[in-house]
């Protein structure tokens, strides 16, 4: 599998618009350098268009370093890609289960452990399109898997 892209959220050359995204929020201290800080409501990073090809049979991997300031009452999405009325995937905190989640429409992998507020955590979501499988890694360990007999329908070409 070839790597298609990677984006830094901050650079000395242009701290608010590296690559082709717009940061609607602010930058602050992170677990390893600087981080985007979100207010739990309107803060987001927006690209100009589709970044990943996530259609039927497509495989992809997304990752993020995340830290919760508390236990949010609503979903806290670190990485997602919109596709019309829904997103084709989410790498997020799920308040109903109080767990990290990697989800696609009709398929969801949840972490085994409860997130610890204030702790920087590395999340990796892997979608194996051929197998219709989602894997969620928390830190360096696989923490969850979800499978379906038929992969979710494509949300984006």
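Residue numbers (our numbering): 113 to 269.
Backbone N, C-alpha and C fix where the C-beta goes; we use that ideal spot for every residue, glycine too.
Open item on the list: Determine whether the beta carbon atoms of residue 233 and residue 178 lie at a separation below 8 angstroms.
Closed with: Position 121 of the chain shown holds residue 233. Position 66 of the chain shown holds residue 178. With contacts defined as CB atoms closer than 8 angstroms, residue 233 and residue 178 qualify as a contacting pair.
TODO: Could you check what DSSP says for residue 188 in three-state terms: helix, strand or coil?
DONE: Translated into the one-based positions of the chain shown, residue 188 becomes position 76. In the three-state reduction of the DSSP assignment, residue 188 falls in the strand class, which pools E and B.
Open item on the list: According to DSSP, simplified to helix, strand and coil, what is residue 213?
Closed with: Taking the first residue of the chain shown as 1, we reach residue 213 at position 101. Residue 213: strand per DSSP, three-state reduction.
Open item on the list: Quick check on this structure: which residue in 183, 205, 184, 216 has the alpha carbon closest to the alpha carbon of residue 166?
Closed with: Here residue 166 is taken as the residue at index 54 of the chain shown, counted from 1. Residue 216 holds the alpha-carbon nearest to the alpha-carbon of residue 166 among 183, 205, 184, 216.
Task: C-beta atoms of residue 221 and residue 213 nearer than 8 angstroms - done: Translated into the one-based positions of the chain shown, residue 221 becomes position 109. Translated into the one-based positions of the chain shown, residue 213 becomes position 101. For residue 221 and residue 213, yes; Cβs fall inside 8 angstroms.
TODO: Could you check what DSSP says for residue 242 in three-state terms: helix, strand or coil?
DONE: What you label residue 242 is simply residue 130 of the chain shown in a count that begins at 1. Coil, per DSSP.
Open item on the list: Considering only DSSP beta bridges, list what residue 224 is partnered with.
Closed with: As a working mapping, residue 224 is identified with position 112 in the chain shown. Under the DSSP definition of a beta bridge, residue 224 lacks any partner.
Open item on the list: Let me check understanding here. Comparing Cα to Cα, which of 194, 203, 227, 173 lies closest to residue 181?
Closed with: Start at 1 with the first residue of the chain shown, and residue 181 comes out as number 69. 227 is the residue among 194, 203, 227, 173 whose C-alpha sits nearest the C-alpha of residue 181.
- [ ] May I ask you to report which of helix, strand or coil DSSP gives residue 231?
- [x] On the chain shown, position 119 is the one that residue 231 refers to. Reduced to three states, the DSSP call for residue 231 is coil.
Task: Where the beta strand (DSSP E) containing residue 175 begins and where it ends - done: Along the chain shown, one-based indexing puts residue 175 at 63. 172-178 is the span of the beta strand (DSSP E), which, as asked, contains residue 175.
TODO: Could you check if residue 218 is buried or exposed, using at least 16 other CB atoms within 10 Å of its CB as the buried criterion?
DONE: Stepping through the chain shown from its first residue, residue 218 is reached at position 106. The residue is exposed, with fewer than 16 neighbouring Cβ atoms inside 10 Å.
TODO: Specify the secondary structure class of residue 270 as computed by DSSP and reduced to three states.
DONE: Residue 270 lies beyond the stretch modelled for the chain, which goes from 113 to 269, so this question has no answer here.
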